[in-house]
Every structure is written in C-alpha cells, then in structure tokens.
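Have a look at the structure below, then the notes.
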Amino acid sequence: LKRGEDKLFLSTLRSIENNTASGSDIGTEWFDEEKRILKLNEKYNLQKNKFNKSVPFRLKSTEYTTVSFLLLFFKRLKDSIILPVFYNTDFSNPLIDSFRQSVDIDKMITLLEKEKYSLLWLIEIYYYNYKSLLFHKDLESETYYNNTKTLFYENLDKLSRPEKYFMFDSLATYCAMRDPENQMFTRECFEVYDKMLEENAYTATENEPMKSNLYANMMLWALDVCEYDWLEKFIEKYSGKLKADQRENMTYFAKANLSFGRCDYESALVYINKVQNDFLVYKIQVRNLKFKIYYELNLFDLAFSLVDSYRHFLNENTEIHDSFKKRALDFVNIYVKLLKAKATGNVSEIDIIKNKTDNILGYELKPWLMEKIDELIKRGAK
Numbered sequence: 021l022k023r024g025e026d027k028l029f030l031s032t033l034r035s036i037e038n039n040t041a042s043g044s045d046i047g048t049e050w051f052d053e054e055k056r057i058l059k060l061n062e063k064y065n066l067q068k069n070k071f072n073k074s075v076p077f078r079l080k081s082t083e084y085t086t087v088s089f090l091l092l093f094f095k096r097l098k099d100s101i102i103l104p105v106f107y108n109t110d111f112s113n114p115l116i117d118s119f120r121q122s123v124d125i126d127k128m129i130t131l132l133e134k135e136k137y138s139l140l141w142l143i144e145i146y147y148y149n150y151k152s153l154l155f156h157k158d159l160e161s162e163t164y165y166n167n168t169k170t171l172f173y174e175n176l177d178k179l180s181r182p183e184k185y186f187m188f189d190s191l192a193t194y195c196a197m198r199d200p201e202n203q204m205f206t207r208e209c210f211e212v213y214d215k216m217l218e219e220n221a222y223t224a225t226e227n228e229p230m231k232s233n234l235y236a237n238m239m240l241w242a243l244d245v246c247e248y249d250w251l252e253k254f255i256e257k258y259s260g261k262l263k264a265d266q267r268e269n270m271t272y273f274a275k276a277n278l279s280f281g282r283c284d285y286e287s288a289l290v291y292i293n294k295v296q297n298d299f300l301v302y303k304i305q306v307r308n309l310k311f312k313i314y315y316e317l318n319l320f321d322l323a324f325s326l327v328d329s330y331r332h333f334l335n336e337n338t339e340i341h342d343s344f345k346k347r348a349l350d351f352v353n354i355y356v357k358l359l360k361a362k363a364t365g366n367v368s369e370i371d372i373i374k375n376k377t378d379n380i381l382g383y384e385l386k387p388w389l390m391e392k393i394d395e396l397i398k399r400g401a402k
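Letter by letter, the sequence shown follows residues 21 to 402 in the working numbering.
Dropping the structure here:
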C-alpha cells in the first residue's frame, strides 16, 4: 500500500480475508486482526478518493471495536467479583463502576435481538456469565449459568482457544461459588472440567504449561464425585504438563488424595509426606488432607500438633479472606472435638458436634466430617 503497488496489495489483502472469512477462532486476537484488515481497506479507498466506499470499512471496524470492548469489560467485571472473594483483593474503580451502573445492557440485548444481530450470541455468553457470578447466591443465577453454558457449547467451534479457556474456567468458578447453595453443582463442576480437557482448552495457548491451581481443582472435584479411575488417568496424562518446578509436588499431592479416596491411608501418608514444606500455594489443602489421614490412622499426637500450627498459620496470614478463615477455624474446632471423641471413646457430645457441623456451609471437608460423626454415633450405639 505504501509503495503504491495496488494490484499486489489487493491480491494479498483478499487472500488474508479469505483465510479469516470462516469466522472461527473468534476472540480478542481475531477482532484485532479483523480491524487491521478493515483499516487497510479504509485507507486504500481514502487514498483513491473513494470516501463512500471507505465508510463501510470504518463502520465495521467501529462495530468490532465495540464488541471486543464489551467482551473485555465483562471479563474484568468477573475480576471485580472473584478477586475480593478468593484473593481478598479489591478490584473497583470510579470510572469502571459508574459505567457498569449507567449502561443498560439488558436493553441493548433486547434491541439487538430485534435486529437479529449476528454476534449477539457472543455478547450474551460473556454478559450472562458475568450475571451468573454476580448473583451466584440467588436461584436466578442458575438461569444465567444455563444460558451461558448452552450458548457456549453451541458455539465452541467458533471460539479461539483463549476464549474457550476463559469460559470453561468461568463456568467452573460459578459452580464452586454456587455449590454451597445447591450441591448438584459438585457433579456439574466435574463435568465442566471434563469437557475442558476434551476440548483441549486447559491452557490459553498450546505451548504454555498447565496451571497448578487448575490441576488441583480438577483433582479435588474428581475426588468429590468419587471419580477415582478418572483421576488416576488424569494424574498420569496431565502431571507432565505442569511447570517443571511444580510437577513433583503436585503429583505427590494428587496421588496422596487418590490413595486417600481409595481408603489406602498408609500410601496417602507416604505421598503427602513427600510434598515439600515450601509448597506454599496449597498449604491449606495439604493440611486438610493430613488432618484426615492422621484421623484415619489414629495418629492423635500428630493431629493435635497440626491443629496448633494450623491456627497459628490462619491468624498470621493476611491474604486469606475472612470468610475462608472462619470456615477453616470452624472446621478445626469441630475436628478437635471429633478427634477427642475418637481418641477417648467418649461420644457423649457427638450430637452437639453434629449440630455444629450441620451449620457449616461451603467447606470442602463437611461431607467427610459428617461421615466420621456417623461412624462414632454407630459405635456409641453399640
């Protein structure tokens, strides 16, 4: 274009357009590439004094700019919900907040439906995903979630890998947040992760390693639904896709959990003791598993010692949200009573322990606690 080679410019541009015309791999990069092509078309026509012909390219470029902005905006609104809850980090800004409160997205979607806008499905996926997370404690959020999932699965073949990765992660995040209110989402979360692997969308790009937190989440949800054979195959296939400096610890951690799930407590203890003490990311999860192993193997001294260090850890850590700290401390308090009852054989307060456990919401160890309480009740009845 700069050299005035019109014929070569047009043939090259048409070739690029033909390669991107399918509308697959839609995402942030796709919109950026399309806008660059549109800008070149606009510039060419302006140089040829064909203003009227340049306008449609400018209009389409503006449209794509608006769509890509909306997608990014809804992604960042997800951060405003997730970061305060899971990372105790504020994500608010006067401009962002005022824009969110001022714009009527529902009205926009209604107008686009009347116009049968071709990219409405894409806007709806991200908007409904945001709404599901925003209202995750309310029943109405399940409608937003189901709308998100349906549209996403119907259009999987159109989306780029980074967008698939983002949306699968968002669906799983909703399930985790909704699970305390409706436990049917335990199985749902596992199935979302299974679909994520099926679609080869467990990373944003092909060559990057799998994130350790995603690996751990897939492992923990598989355990929750007792998919032990699935988990064994997962460990074998995906442990090697983790970063080299995380691979060994994560593999031992996963094998310890798998062994525990299969009631092989001795093997679980061997594996969990191989996890290095500086494995900071999963201090809570590693301790939680040790609590259960020590209980099953009657290692009472180790269990009580771990309780003391756990309380000290929670009190000193400023990165854990207060709500998560409360859940952890609630568990420890019940665990200590349960441990004493098992160690002494005195189950006179077991009904009180059970009532307190019933009031715990959203804690991953609640099912295990209830199972152990029922075992002590049966023992006391004998």
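Even for Gly, the Cβ is constructed at its ideal location relative to N, Cα and C.
For Asp117, the first and last residue of its enclosing alpha helix (DSSP H): 114-122
Contacting residues, own chain, Cβ-Cβ under 7 Å from Ser180 (five flanking each side not counted): Asp45, Ile46, Gly47, Glu49, Trp50
For Asp249 and Asn353, the rounded distance between their alpha carbons: 33 Å
Pairwise C-alpha distance: Asn108 and Thr338: 9 Å
Segment contact, 8 Å Cβ cut-off, at least three pairs: the stretch 231-242 with the stretch 199-215: yes
Backbone CA spacing between Ser138 and Ile102 [nearest angstrom]: 30 Å
Short Cβ contact (8 Å threshold) for Leu358 with Phe320: Not in contact: Leu358 and Phe320 (Cβ atoms no closer than 8 Å).
Bridge partner(s) assigned by DSSP for Leu179: Ile46
Under 8 Å between C-beta atoms of Ile380 and Lys386: Taking 8 Å as the cut-off, the Cβ atoms of Ile380 and Lys386 count as close.
Coarse secondary structure for Met239, derived from DSSP in three states: helix
Local conformation of Met204 per DSSP, three classes: coil
Nearest neighbour of Asp284, chosen from Thr271, Ile313, Glu256 [CA to CA]: Per the Cα distances, Ile313.
Pick from Gly281, Asp265, Leu262, Glu218 that is closest to Val245, judged by C-alpha positions: Gly281
Spatial distance of Leu278 from Asp99 (CA atoms): 32 Å
Beta strand (DSSP E) runs wholly inside the stretch 239-306, at least 3 long, in chain order: none
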